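In full-length UniProt numbering, the protein residues as written are 1 to 278.
In this text, a Cβ means the ideal position worked out from N, Cα and C, and glycines have one as well.
Note that this is a predicted model, so its numbers are computed, not measured.
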C-alpha cells in the first residue's frame with residue numbers, strides 16, 4: 001500500500017488537469033498513488049486522463065460538486081496520508097517529500113500539515129496580503145475570519161479526517177473553510193514554510209468567482225462548530241463574534257439587492273446570538 005494518496009477532483013478542466021497531474025508525477029517522493037475524480041465533465045477530460053495510462057487511477061461520477069468528488073477519492077484511497085490538489089493548481093517537486101518528512105519527524109497519529117504558496121492571477125505572480133499569511137500551530141480564531149488553509153497545500157492523516165468528518169456535500173462553497181474549523185478547533189496544524197504550491201487564480205469557473213455571498217456558507221459552517229459541545233468557552237465566544245460580523249455583512253448585502261426578507265433573517269440570527277452571548 002502507498003503511504004500517500006493524492007486526490008484530484010476536476011470538472012471541465014481538460015487543459016488544466018494535465019498540468020496538475022504532471023506536477024504530481026514529478027514529485028521526488030515516490031511512495032504515492034494518484035486518484036483523479038472527474039465530476040461529470042462534458043469536455044475532453046476523460047480523453048486527457050486516459051492518456052496517463054496506469055500512472056493514475058481515475059473515475060467519473062455524476063456532477064455532484066467538489067466535496068462529493070473529494071469524498072469519492074477518499075473512499076478509494078489506500079494511503080495513510082491524503083493530499084488534495086485542485087485541478088487548476090500545481091505542486092513544486094519537493095512538496096510531498098517535505099510534508100512526509102515532517103510527518104515522520106513529529107510522529108502524530110492525528111496529522112495535518114500545509115505549506116506556503118505562490119499565488120498567480122492570469123499567469124502573473126501576485127503578492128499575498130498580510131491577512132493571508134500562512135502559519136502553523138493553533139489558529140482557530142484566525143480560521144474563523146477567512147480560509148487560511150488551501151486544499152492544494154494540505155496533507156492530512158486518514159485517521160484525523162475520519163475523526164472530524166469528511167467534506168460536507170451540502171455546502172456548495174466554503175466546504176474547505178468548514179473542514180478547517182472542525183480541525184483547528186481541536187488540533188494544531190503543522191506548517192512547512194516553503195512555497196511548494198502554485199495556486200492559479202482568475203479563472204471564470206472558480207467557486208470563489210461564481211458563488212454569490214460566500215459568507216452565507218461560512219455562517220452555516222460556524223453554526224455547525226458552535227453546535228459541538230466540546231468547543232471551549234473562549235473559542236465559542238470567538239465563533240459567536242465572527243458569526244455576528246458575517247451576518248451583518250450578509251444583511252447589508254441583502255439590503256443592497258432588495259432582498260428584505262433575507263436581510264431580516266440574518267439580522268435576527270445575529271441578534272439571537274447577541275442575546276445568547278450576554
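Item                                                                                                                         : Value
Range of the contiguous beta strand (DSSP E) that encloses residue 196                                                       : 190-201
Where the alpha helix (DSSP H) through residue 134 begins and ends                                                           : Premise fails: residue 134 is in no alpha helix (DSSP H) and is neither H nor E.
With 16 other Cβ atoms within 10 Å as the buried cut-off, status of residue 215                                              : buried
Assigned secondary structure, residue 114 (DSSP; H/G/I helix, E/B strand, else coil)                                         : strand
Counted within 10 angstroms of its Cβ, other Cβ atoms place residue 209 as buried (16 or more) or exposed                    : Legend: pLDDT at residue 209 = 46, less than 50; position of this residue unreliable, value from coordinates given subsequently. Result: exposed.
Limits of the beta strand (DSSP E) - the one that residue 157 falls within                                                   : 155-157
Beta-ladder partner(s) of residue 32, from DSSP                                                                              : 4
Residue environment, residue 61, which counts as buried when at least 16 other CB atoms sit within 10 Å                      : exposed
Beta-carbon proximity of residue 238 to residue 141, cut-off 7 Å                                                             : yes
Beta-bridge pairing of residue 58 - partner residues as DSSP gives them                                                      : 36
Local conformation of residue 166 per DSSP, three classes                                                                    : coil
Residue 94 versus residue 143: straight-line alpha-carbon distance, rounded                                                  : 26 Å
Of the listed residues 196, 163 and 194, nearest to residue 184 (C-alpha basis)                                              : 163
Residue 125 versus residue 147: straight-line alpha-carbon distance, rounded                                                 : 20 Å
Residues of its chain near residue 218, where Cβ-Cβ distance is below 7 Å and the 5 sequence neighbours each way are ignored : 174, 177 and 246
Which residues DSSP lists as bridging residue 84, in chain order                                                             : 7
For residue 47, the three-state DSSP class (helix, strand or coil)                                                           : helix
Three-state class that DSSP yields for residue 13 in the structure shown                                                     : coil
Classification of residue 101 by the beta-carbon crowding that lies within 10 angstroms, buried from 16 upward               : exposed
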